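Student: Respectively, the protein sequence lines represent chains A and B.
This note's numbering numbers the first residue of the first sequence as 1 and each following residue consecutively.
This note's numbering numbers the first residue of the second sequence as 1001 and each following residue consecutively.
Following this message is one structure expressed as C-alpha cells.
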Amino acid sequence: ILNVEQSPQSLHVQEGDSTNFTCSFPSSNFYALHWYRWETAKSPEALFVMTLNGDEKKKGRISATLNTKEGYSYLYIKGSQPEDSATYLCAFEGSARQLTFGSGTQLTVLP
Amino acid sequence: EAGVAQSPRYKIIEKRQSVAFWCNPISGHATLYWYQQILGQGPKLLIQFQNNGVVDDSQLPKDRFSAERLKGVDSTLKIQPAKLEDSAVYLCASSQFNEQFFGPGTRLTVL
C-alpha cells in the first residue's frame, strides 16, 4: 500500500498571507507528482504535473517544487486571496501509472 | 471543450437501498476512472476502464459495487445494497494521455 501524506490537514490564513503545504510520497517507482485544487461543489482542477527531480512550476501566485530523492513536494501560495480557499490534493503516480492521493490540505483564507 | 459530466450531484438513500451514478467522459477519452472519496481521506481508485474493458478493479467491493462502460463512452457505477460506510463523494475522471480530468462528483449520503 502506497503512503502519500499531506500536512497540515487544515489551515486558516489571513488575506495577503503567504502559505505552503507539504506532500510526502514514496521515493521508489516514481513517475509523476500531481497537484489538484478542489473547491467545494466543483471538479478537482489540475494545478501541476511534476516529473523531474528539482522541478519547479509556477502558475500565477501558486508554485510547487519537487524532490524525488527524498520524496516530498511543496506547494506555495503567495499573497493568499479568499478565492484560494479550497482543498489542495497531491497525487503520486508510480510506475503502474495510477494515482494515489493524499488526504488533502483544506485551506481557508479569511478576508 | 465540455468537461466530465456526472449525475446526480447529490443522493440520499437509506441503507440496504440501491443507487446508481452516471458519468459522461470528455469526448475521445479512452480511459475512465471511478474514485471514492470518504470524508477526511483522499480519493481512492475503485475501477479503471480502457474503452469498454476493465483495466483494474482490485479495490472495487464486488459483493455490492458494480460498474460498466458498455459502449466505451458513458459509464455507470451501482451500489446494491448500500451500507452506511458507502457515504462518500464518487468522482469520475477521464484521460486521453497522462492527465486525468475530473467531474464534479456525486455526493452520496446513506442513512
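Built from N, CA and C at the ideal position, the CB exists for glycine as well.
Source: prediction; values computed, not measured.
Determine, using beta-carbon pairs with one atom in the stretch 1022-1038 of chain B and one in the stretch 1056-1075 of chain B, whether at least three such pairs fall under 8 Å.
Tutor: As far as the Cβ criterion goes, the stretch 1022-1038 of chain B touches the stretch 1056-1075 of chain B, which means the pair count is three or higher.
Student: Ignore the nearest five residues each way along the sequence and tell me which others in Ile976/B's own chain have a CB closer than 8 Å to its CB.
Tutor: Summary: the structure shown does not reach residue 976/B, with chain B confined to residues 1001 through 1111, and so no result is reported for it.
Student: Taking C-beta pairs closer than 9 Å, name the residues in chain B that Ala86/A reaches, listed in chain order.
Tutor: Result: empty, since nearest Cβ-Cβ is about 13 Å, beyond 9 Å.
Student: Just to make sure I have the definition right: I need the residues of chain B whose C-beta is within less than 7 Å of the C-beta of Ser103/A. Which are they?
Tutor: By Cβ distance, chain B contributes Gly1040, Gln1041, Gly1042.
Student: Any C-beta of chain B within less than 7 Å: which residues of the stretch 7-36 of chain A qualify?
Tutor: Going along the stretch 7-36 of chain A in chain order, one finds no residue with a Cβ nearer than 7 Å to chain B.
Student: Starting from Ser1058/B, follow the beta strand (DSSP E) in both directions and report where the run begins and ends.
Tutor: Unbroken run through Ser1058/B: none, as it is neither H nor E.
Student: Spell out a yes or no on whether the stretch 1010-1020 of chain B and the stretch 1072-1086 of chain B are touching, meaning 3 or more CB-CB pairs, one atom from each, closer than 8 Å.
Tutor: The stretch 1010-1020 of chain B, when compared against the stretch 1072-1086 of chain B, does touch it at the 8 Å Cβ threshold.
Student: Report the neighbours of Leu89/A on chain B: residues whose CB is nearer than 7 Å to its CB, in chain order.
Tutor: By Cβ distance, chain B contributes Gly1042.
Student: How long is the line joining the alpha carbons of Glu1085/B and Gln1037/B, rounded to whole angstroms?
Tutor: Rounded to whole angstroms, Glu1085/B to Gln1037/B spans 11 Å at the Cα level.
Student: Residues in its own chain within less than 8 Å of Leu110/A by CB, not counting five upstream and five downstream?
Tutor: Hits under 8 Å: His12, Val13, Gln14, Glu15, Pro82.
Student: What residue range does the beta strand (DSSP E) around Ser1087/B cover?
Tutor: Ser1087/B -> no beta strand (DSSP E), and no H or E assigned at all.
Student: Would you say Asn1098/B lies against chain A (beta-carbon separation less than 8 Å)?
Tutor: Taking Cβ atoms only, chain A reaches closer than 8 Å to Asn1098/B, which makes this a yes.
Student: Name, please, each residue of chain A whose Cβ falls closer than 8 Å to the Cβ of Pro1081/B.
Tutor: Per Cβ cutoff of 8 Å: no residues; Pro1081/B is ~27 Å from chain A at best.
Student: Closer than 9 Å, Cβ to any Cβ of chain B: which residues of the stretch 35-49 of chain A, in chain order?
Tutor: Residues Tyr36, Trp38, Ala41, Lys42, Ser43, Pro44, Glu45, Ala46, Val49.
Student: Any Cβ of chain B within less than 8 Å of the Cβ of Leu66/A?
Tutor: For Leu66/A, the answer is no, since every Cβ of chain B falls outside 8 Å of its Cβ.
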